[in-house]
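Take a look at the structure below.
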Amino acid sequence: MSTASRLTVVTGGSRGIGAATCRRLAAEGHDIVLAYQSAAARAQEAAEAVRAAGARCEVVECDVADPGAVDALFEAAASLGTVTGLVNNAGITGPVGRLVEVDVGEFPRLFAVNVIGVLLCARRAAGVMGRGGAIVNVSSGAATLGGPGEYVHYAASKGAVDTITVGLSKELGPDGIRVNAVAPGAVWTEIHADPDRPARVGAQTPLGRAGDPEEIAGAIAWLLSDDASYTTGAILRVAGGR
Numbered sequence: 042m043s044t045a046s047r048l049t050v051v052t053g054g055s056r057g058i059g060a061a062t063c064r065r066l067a068a069e070g071h072d073i074v075l076a077y078q079s080a081a082a083r084a085q086e087a088a089e090a091v092r093a094a095g096a097r098c099e100v101v102e103c104d105v106a107d108p109g110a111v112d113a114l115f116e117a118a119a120s121l122g123t124v125t126g127l128v129n130n131a132g133i134t135g136p137v138g139r140l141v142e143v144d145v146g147e148f149p150r151l152f153a154v155n156v157i158g159v160l161l162c163a164r165r166a167a168g169v170m171g172r173g174g175a176i177v178n179v180s181s182g183a184a185t186l187g188g189p190g191e192y193v194h195y196a197a198s199k200g201a202v203d204t205i206t207v208g209l210s211k212e213l214g215p216d217g218i219r220v221n222a223v224a225p226g227a228v229w230t231e232i233h234a235d236p237d238r239p240a241r242v243g244a245q246t247p248l249g250r251a252g253d254p255e256e257i258a259g260a261i262a263w264l265l266s267d268d269a270s271y272t273t274g275a276i277l278r279v280a281g282g283r
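Each residue of the sequence shown is one higher than the last, beginning at 42 in the working numbering.
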């Protein structure tokens with residue numbers, strides 16, 4: 042696929058891994074549809090960086106757990122052309138703590154964003170993509186580590202993302218659409234309730250540090266690229282060896 046024809050939707054694109062992914066993809070020739078839920082000013086900053094790289098960028102406020110909002114997102118994307126890529130990055134951690142202690146009232150929203158949102162966006166993307174299209178879901182190393190003592194519920198939602206990735210890769214493979222996931226470890230982003238968590242967890246990895254958003258963005262960009270044309274159903278762990 043010519044880089045001139047790439048149009049990628051990135052959810053949760055205003056900050057952290059999402060914003061880094063928008064910048065990286067723009068540098069590689071993708072036009073971007075940047076979806077965000079909050080932090081409108083940050084979303085505009087990320088969009089300006091995309092445009093500075095010579096790419097087009099449409100910014101859309103979108104709650105990925107709302108089917109109507111997801112429909113509107115992809116309608117906005119259609120104004121730029123045919124969507125060729127989707128990065129399902131939007132996600133929340135929910136409450137932090139032992140399962141018996143956390144507020145279960147936040148669970149529905151957690152699964153609505155992290156699981157239903159992935160399904161809704163992937164469904165719409167699959168409906169408009171042609172052969173050569175690619176979906177990358179942002180999972181988490183917690184999906185296999187379990188998140189004990191912190192967020193077993195969050196880990197469970199990301200385990201669902203891994204299952205969606207494998208199942209959808211088999212469903213869409215015959216249509217020429219690839220589906221993969223990146224599973225980051227501790228990364229320096231604002232998603233953490235404890236801002237010191239990346240340093241603490243990163244020190245426990247074989248590489249001895251937390252990751253940077255740009256390092257995750259690089260993995261996402263590879264999975265969207267023609268270099269990964271024979272890769273589907275993969276869950277690429279980018280977690281410092283943990």
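All residues carry an ideal CB built from backbone N, CA and C; glycine is no exception.
Reference residue i; option with closest CA among the options
{"i": "S266", "options": "A67, G138, I58", "result": "A67"}
{"i": "R97", "options": "Q78, L121, A82", "result": "L121"}
{"i": "V177", "options": "V74, V242, V124, V220", "result": "V220"}
{"i": "C63", "options": "A81, A87, A82", "result": "A87"}
{"i": "G190", "options": "T134, D104, G138", "result": "G138"}
{"i": "V100", "options": "A80, G109, A106, D107", "result": "A80"}
{"i": "A131", "options": "G146, Y192, C162, V207", "result": "C162"}
{"i": "A84", "options": "G208, E231, S55, R150", "result": "S55"}
{"i": "G274", "options": "I218, D268, A60, G53", "result": "I218"}
N-terminal and C-terminal residue of the alpha helix (DSSP H) that residue i is part of
{"i": "Y195", "result": "193-213"}
{"i": "P149", "result": "148-152"}
{"i": "L161", "result": "158-169"}
Beta bridge counterpart(s) of residue i as assigned by DSSP
{"i": "A76", "result": "V101"}
{"i": "T49", "result": "I73, G126"}
{"i": "V228", "result": "G252"}
{"i": "V177", "result": "V128, N221"}
Own chain, CB closer than 6 Å to residue i, minus 5 neighbours either side, in chain order
{"i": "D237", "result": "none"}
{"i": "F115", "result": "R165"}
{"i": "I157", "result": "A106"}
Beta-carbon contacts of residue i that lie in its chain and below 7 Å, excluding the five residues immediately before and after
{"i": "P239", "result": "A227, V228, W229, H233, A251"}
{"i": "A117", "result": "V74, E99, V101"}
Range of the contiguous beta strand (DSSP E) that encloses residue i
{"i": "P225", "result": "219-225"}
{"i": "V242", "result": "Counting along the chain, V242 falls outside any beta strand (DSSP E), though it belongs to the alpha helix (DSSP H) covering 238-243."}
{"i": "A269", "result": "Neither: A269 is in no beta strand (DSSP E) and is coded neither H nor E."}
{"i": "R250", "result": "Note, R250: premise wrong, no beta strand (DSSP E); not H, not E."}
Other residues of its chain near residue i: CB distance less than 8 Å, five sequence neighbours each side excluded
{"i": "A153", "result": "A106"}
Quick check for students: name the residue ranges of the beta strand (DSSP E) that lie wholly in the segment 93-130, counting only runs of 3 or more.
Complete beta strand (DSSP E) runs here, min 3: 98-102, 126-129.
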